[in-house]
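Residue 86 in numbering that gives the first Met the number 0 sits at position 87 of the sequence shown; the count goes up by one each step and never skips.
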Amino acid sequence: MKKILDQKRWSYPLLKLSLKMKISMLFMFLVLFTMQAKSSYAQRTKITLDLDNVTVERLIDEIESKTDFHFVYQIKEVDLDRRVSVKANKELVTSILERIFGNTRTTHNVVDKQIFLKGRQAVGPTTNSAVTIEVSKPQLMVIGTVTDNT
């Protein structure tokens, strides 16, 4: 006697998705493949500067006048009177800022069309702080016997 195989048992379950599921999956794949990462304004803005022995404040004004960037900073945290020389030919603004503020106390952070300048936090001990903290570990002695329930 021959057994007749049930055709439904051997069919592929992925082919039996409902029409809503198929359309949803098609839409998800279309959205996934059409997404693109757009470069931000800071990543595509290049500037040419030729400034010799100018203050940081003058450099900031020059960058603001040639681009759409706006600088946000506190006067106490940024040394605006420091003299710098910049020669840049179609360089990114972020690379120019790295050269200017790279080895100073000032850090920069670019968000959209705003550049935030602020002072770095001190990492090591400062000369003004004279606080010493001593922590001693309490010593404990445990005496007794260990018993087992078995």
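Glycine included, C-beta positions come from ideal geometry on N, C-alpha and C.
Assigned exposure category for residue i - 16 Cβ within 10 Å defines buried
i, result
"PHE115", "exposed"
"VAL55", "buried"
"PHE100", "buried"
"VAL30", "exposed"
"VAL145", "exposed"
"VAL92", "buried"
"PHE28", "exposed"
"LEU79", "exposed"
"LEU58", "buried"
"LEU96", "buried"
Proximity to residue i [Cα-Cα], best of the options
i, options, result
"HIS107", "VAL71, PRO137, SER84, VAL83", "VAL71"
"ASN102", "ASP111, LEU25, ARG81, GLU61", "ARG81"
"GLN42", "LYS89, LEU139, PRO137, GLY143", "LYS89"
"LEU74", "THR66, THR105, ILE46", "Residue 74 is actually Ile in this sequence, not Leu. Selected option, being the one with the closest Cα: THR105."
"VAL163", "PHE26, SER39, PHE32", "The question about residue 163 has no answer here: the residues shown for the chain are numbered 0 through 149."
"THR44", "SER17, THR66, PRO137", "THR66"
Expected contact under 8 Å - CB spacing of residue i and residue j to nearest Å
i, j, result
"HIS69", "GLU61", "About 13 Å; that fails the 8 Å criterion."
"GLU76", "LYS117", "5 Å"
First and last residue of the uninterrupted alpha helix (DSSP H) at residue i
i, result
"GLU56", "55-65"
"VAL30", "18-33"
"GLN42", "40-43"
Limits of the beta strand (DSSP E) - the one that residue i falls within
i, result
"GLU97", "Segment 92-100 is the alpha helix (DSSP H) holding GLU97; no beta strand (DSSP E) there."
"ILE114", "113-118"
"PHE68", "Careful: PHE68 lies outside any beta strand (DSSP E) and carries neither H nor E."
"ASN108", "105-110"
Residue i CB to nearest heavy atom of the ligand ATP below 8 Å
i, result
"GLY118", "The ligand ATP is absent from the structure shown, which contains no ligand whatsoever."
Exercise. Is the segment 43-54 in contact with the segment 70-85, if contact means three or more CB pairs nearer than 8 Å?
Worked result: yes
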